[in-house]
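In UniProt numbering, the protein residues as written are 1 to 171.
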């Protein structure tokens, strides 16, 4: 569980109540992590997502794996064992940026697993593919935001322009 609600100003009561509720449930299968997106973005303008993934929750992401199915034998090889629930005030901009970061982390992990990428290599190394992925993700964010809020997403520059750092692509 990644909580992106600020621990300041008008979001503070919501953030505190949400954290208390998660912790009071005391479910061992739920890992709770608070990430102050706005505060971290101000401190590290180049890549708040990279630090989030690499330094904070990568150990959990690595255990989730992904669904693997063998078409030839029509058999299930592996089930995905986890998901990341992202909590925010409106689940639009911050959530989209964080989920993009998590998606890139997972894509890189899977491509390395299947020997499509070498360890240390990233989908970001393939400019045309990464450009398409960034823009499809950003366009999708705009469509969802238009339907939900009546305006395009506000933080698509973080995905469209890909200001992610090297911490983010290490596997």
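All C-beta atoms, glycine included, are put in the ideal place defined by N, C-alpha and C.
- Rounded C-beta distance between residue 2 and residue 98? I'm assuming under 8 Å. Position 2 of the chain shown, counting from 1, holds the residue named residue 2. Position 98 of the chain shown, counting from 1, holds the residue named residue 98. The pair is a contact, with the Cβ atoms about 6 Å apart (cut-off 8 Å).
- Message: Within a Cβ cutoff of 7 Å, which residues of the same chain sit near residue 79, ignoring the five residues on either side of it in sequence?
- Response: Position 79 of the chain shown, counted from the first residue, corresponds to residue 79. Excluding residues within five positions, the ones whose Cβ falls inside 7 Å are 67.
- Using 8 Å as the Cβ pair cut-off and three pairs as the minimum, do the segment 3-13 and the segment 31-44 touch? Yes: at least three Cβ pairs fall under 8 Å.
- Query: Exposed or buried, residue 105, counting other C-beta atoms within 10 Å across all chains shown (16 or more means buried)?
  - Reply: Looking up residue 105 in the chain shown gives position 105. So residue 105 ends up on the buried side.
- Under the rule that 16 or more other beta-carbon atoms within 10 Å means buried, what is residue 39, buried or exposed? Here the question's residue 39 lines up with position 39 in the chain shown. Exposed.
- Message: Three or more C-beta pairs under 8 Å: does that hold for the segment 132-148 against the segment 87-97?
- Response: With a cut-off of 8 Å, the segment 87-97 and the segment 132-148 count as touching, because enough Cβ pairs lie within range.
- Item | Cross-strand partners of residue 34 (DSSP beta bridge) | Start at 1 with the first residue of the chain shown, and residue 34 comes out as number 34. Residue pairing of residue 34 in beta bridges, as defined by DSSP: 3.
- beta strand (DSSP E) containing residue 68: first to last residue? In the chain shown, residue 68 corresponds to position 68, counting from 1. Its beta strand (DSSP E) spans residues 68-70.
- Query: Which residues does DSSP pair with residue 76 in a beta bridge?
  - Reply: Start at 1 with the first residue of the chain shown, and residue 76 comes out as number 76. Bridge partners of residue 76: 69.
- Buried/exposed call for residue 70, threshold 16 Cβ in 10 Å: The count along the chain shown starts at 1 and reaches residue 70 at position 70. Flag for residue 70 reads exposed.
- Task: Tell me residue 151's beta-bridge partners as DSSP assigns them.
- Result: In the chain shown, counting from the first residue as 1, residue 151 sits at position 151. None; residue 151 has no bridge partner.
- Query: Taking all protein chains shown into account, do 16 or more other C-beta atoms lie within 10 angstroms of the C-beta of residue 145, making it buried, or fewer, making it exposed?
  - Reply: Residue numbering aside, residue 145 sits at position 145 when the chain shown is read from its first letter. Counting Cβ neighbours within 10 Å, residue 145 comes out buried, since at least 16 surround it.
- Item | Cβ neighbour criterion (16 or more within 10 Å) applied to residue 115 | Translated into positions along the chain shown, residue 115 becomes position 115. Result: exposed.
- So which of 61, 159 and 129 has the shortest CA-CA distance to residue 81? As a first step, residue 81 is located in the chain shown; it is residue number 81 there, counting from the start. For the residues 61, 159 and 129, the minimum Cα distance to residue 81 belongs to 61.
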